[in-house]
Structures are given as structure tokens and as C-alpha cells.
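Asker:
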Amino acid sequence: MRTGVQAIIIVIWCLAPFYWMIVTAFRPVDYTYDTSLIPIPATLDNFVTAFSTQLGNHLLRAIGNSLIVGVSVTLIALVFGVTAAYALARLEFAGKAFLAGIILGASMFPAVALLTPLFQLFTNLGWTGTYQVLIIPSISFALPLTVYTLASFLREMPWDLEEAARVDGCTRFTAFIKIILPLAAPAVFTTAILAFIASWNEYLIASVLSTDATQTVTVAIAGFTGSQPHQEPYTAIMAAGTIVTVPLVILVLILQRKIVAGLTAGGVKG
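In my numbering, each residue's number is its place in the sequence shown (first place is 1) plus 4.
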């Protein structure tokens, strides 16, 4: 009984901000600071305002930019992350422990410390206003996550499967492609979702390195302006937050079984 109550409290604690964001998105502007749990009266005007470009909002373009950056980061991180995870998990080579430590250290490096050198570097390269200034830094954060998630899974896969494939004529590469990679699909799928969400939510680097044409949804929502000077259009901001957040939450809830399976796969030795 006590465990059930604790679980309910945790669920309410986690979902309360999302619920308040959604109900505020449906409130008329005059009811912005209303504290009722149900938005009465309700309106869809805030969602129209969120997509309107009259106030400098370019949410639709920002969603497209976030999709480009997120998909690119996920695909590149998976291509390099799968091979790196395989090498760390199943190959023996000099400096393996040192390399694993470097990858782990990179995942803990504060993003704010990279802003100044990245800005100087990309300015010198003439990449200002391009997508690569958003993709490359995000890869440096998504790649360690990819490597460590997949390495823990690949490390626990039976060696007999790969050895049997090589006895049947496969090279190490073809055994990896035909045997190891299909079996690692749940972990790869889970890692792809986590990498995409991390890239989708990135704000700090995008706020400095993006331009109006390449800004992502997090930057676009932060730059929402009202019809009057110094006016914060909170209801429109909440509507935009609902538009870009709820689909991700629904996706995670639908695929939660696969995500849990991918995260826990390899956690117990066979």
C-alpha cells in the first residue's frame, strides 16, 4: 500500500508541470494567471498564435530545423557509436581503458565551457548560420551516450554466436552486420530515441550558434514576443511547448516496453 502511494506521488510530481503547461495553453490570454485545474473557458487561439509569424514567431520553421538537427545527430551518433561500442565491448587493443575513460569524460564536460571556443572556431570557418554548427556539438554529447548504452549490451552478448558465424565463413565485419547488429536492435532503437530527445532538448549551444534561419524549437520558444513591449505571451509559449513536447511524451509512452527492454538488455549475464 505504501509503495503504491509513493508511486502515485512520484507520477503526480513528474506529470504536474506537463499538465499545467497543457491547461495554460488552452486558457484565454485574460485567464493567463488563473489557477483552476481545468481551463474554463478554453480556447485554441494560443496554438494559432504560436504558429503566427506576425509577432516574430517561426515555430514551424524551428520544428523543421530541430528535426533536421535531431535526425542528423541521431544517425551520425549511431553509425560511429555502434562501431565504437563494438570495439570497446568485444575487441582487445592497446589503450582500450584510456579510450573508454576519454569517452566517459567527454560526456561530463560542461557545455558552457565549449561555447566560446566553438563560436570562435565556427566563425573562422565561415560556418555561422549553418546546420553543422548545431549538429557537430550535439554529436559530442550524443556519442558518449550511444557508446556506453550499446557497449554494456554488446559486452554481454554470447561470444558463441559470433564464433559460430566466423566458423561458417563470415569475417568479423560480416558477423557483426549479419549476427550482432540484428540482435542488438532493441538497444540500438532505445539509444536512437535517447539521442534524438537529447538533441531535441538542447538549448545552450543552439541559443548562441544558431541564427534566425537555423534556430531550433527551444530557441524559438524562448524568443517568443508579445504584441506589446516587454510582454511575455505565456499562453502562446505554453501552447508551443505543448506542441513540441506532447508528441515526444506520447512516443516514449507508446514505445516504453522497447525502451525498458533496450536499457535492461545485457544487465544480467546469461
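Think of the CB as a built atom: it goes at the ideal place given N, C-alpha and C, for glycine as much as any other residue.
(1) So, at 6 angstroms on beta carbons, what are the nonlocal neighbours of Phe30 in its own chain, with the 5 sequence-adjacent residues on each side left out?
(2) Cutting at 8 angstroms between CB atoms, please list the residues of its own chain near Ala196, excluding the five before and the five after it.
(3) Does the beta carbon of Val75 fall short of 8 angstroms from some heavy atom of the ligand NAP?
(4) DSSP three-state call for Gln10: helix, strand or coil?
(5) May I have the straight-line CA-CA distance separating Val212 from Lys100, to the nearest angstrom?
(6) Reducing DSSP to helix, strand and coil, say where Pro237 ends up.
(7) Tell me which residue opens and which closes the alpha helix (DSSP H) that Phe51 is part of.
(8) Roughly how many angstroms separate the alpha carbons of Ala189 and Ile181, rounded to a whole number?
(9) Only counting the same chain, and skipping five residues up and downstream in sequence, which positions put a Cβ closer than 6 angstroms to that of Val2?
(10) By DSSP, does Asp38 sit in helix, in strand, or in coil?
(11) CB Val253 to CB Phe51, shorter than 9 angstroms?
(12) Going by CA-CA distance only, name the one from Gly8, Trp24 and Ile201 that's closest to Leu41.
(13) Hey, how far is the Cα of Leu129 from the Cα of Phe145?
(14) Quick one: any contact between the segment 151-161 and the segment 88-95, if contact means 3 or more CB pairs under 8 angstroms?
(15) Decide if Thr194 is buried, meaning its Cβ has at least 16 other Cβ atoms within 10 Å, or exposed.
(16) How is the alpha helix (DSSP H) around Lys72 delimited, first residue to last?
(17) Kindly indicate which three-state DSSP category Ile258 falls into: helix, strand or coil?
(18) On a CA-only basis, which of Ala217, Gln124 and Gly173 is nearest Gly133? Give me that one, please.
(19) Measuring alpha carbon to alpha carbon, tell me which of Ala169, Ala117, Gln10 and Asn61 ends up nearest Leu208.
(20) Nearest to Ala240 by alpha carbon, out of Asp49, Pro148, Ser142 and Ile16?
(21) Mind reading off the beta-carbon distance from Tyr135 to Ile72? Whole number of angstroms is fine, and I expect it under 8 angstroms.
(22) When DSSP labels each residue in this structure, what does Cys18 get in the three-state scheme?
(23) Excluding five sequence neighbours on each side, which residues of the same chain lie with their C-beta closer than 6 angstroms to the C-beta of Gly74?
Answerer: Straight from the coordinates:
(1) Correct list, in chain order: Pro43 and Ala46.
(2) Correct list, in chain order: Thr78 and Leu82.
(3) Within the structure as shown, the ligand NAP is missing, as the structure has no ligands at all.
(4) Three-state result, Gln10: helix.
(5) Roughly 35 angstroms between the two C-alpha positions.
(6) Correct three-state label for Pro237: coil.
(7) Counting along the chain, the alpha helix (DSSP H) containing Phe51 begins and ends at Asp49 to Phe55.
(8) Ala189 and Ile181: Cα-Cα distance of roughly 11 angstroms.
(9) The structure shown does not extend to residue 2, since the chain is modelled only from 5 through 274, so no value can be given for it.
(10) Shown here, Asp38 sits in coil according to DSSP, grouped into three states, outside any helix or strand.
(11) No, the pair does not count as a contact, with Cβ atoms beyond the cut-off.
(12) Nearest of Gly8, Trp24 and Ile201 to Leu41, Cα basis: Trp24.
(13) Going from the Cα of Leu129 to the Cα of Phe145 covers about 21 angstroms.
(14) Touching, per the Cβ criterion.
(15) Within a 10 Å sphere around the beta-carbon of Thr194 sit 16 or more other beta-carbons, which makes this residue buried.
(16) Just to set this straight, residue 72 is Ile in the shown sequence, not Lys. Secondary structure note for Ile72: its alpha helix (DSSP H) is the uninterrupted segment Leu63 to Arg94.
(17) In this structure, DSSP gives Ile258 a helical state, which the three-state scheme calls helix.
(18) Per the Cα distances, Ala217.
(19) That would be Ala117, whose Cα lies nearest to the Cα of Leu208.
(20) Among Asp49, Pro148, Ser142 and Ile16, the Cα nearest to that of Ala240 is on Asp49.
(21) Right, the Cβ-Cβ distance comes to about 6 angstroms (below 8 angstroms), so this counts as a contact.
(22) Three-state result, Cys18: helix.
(23) Around Gly74: Phe200, Ser203 and Trp204.
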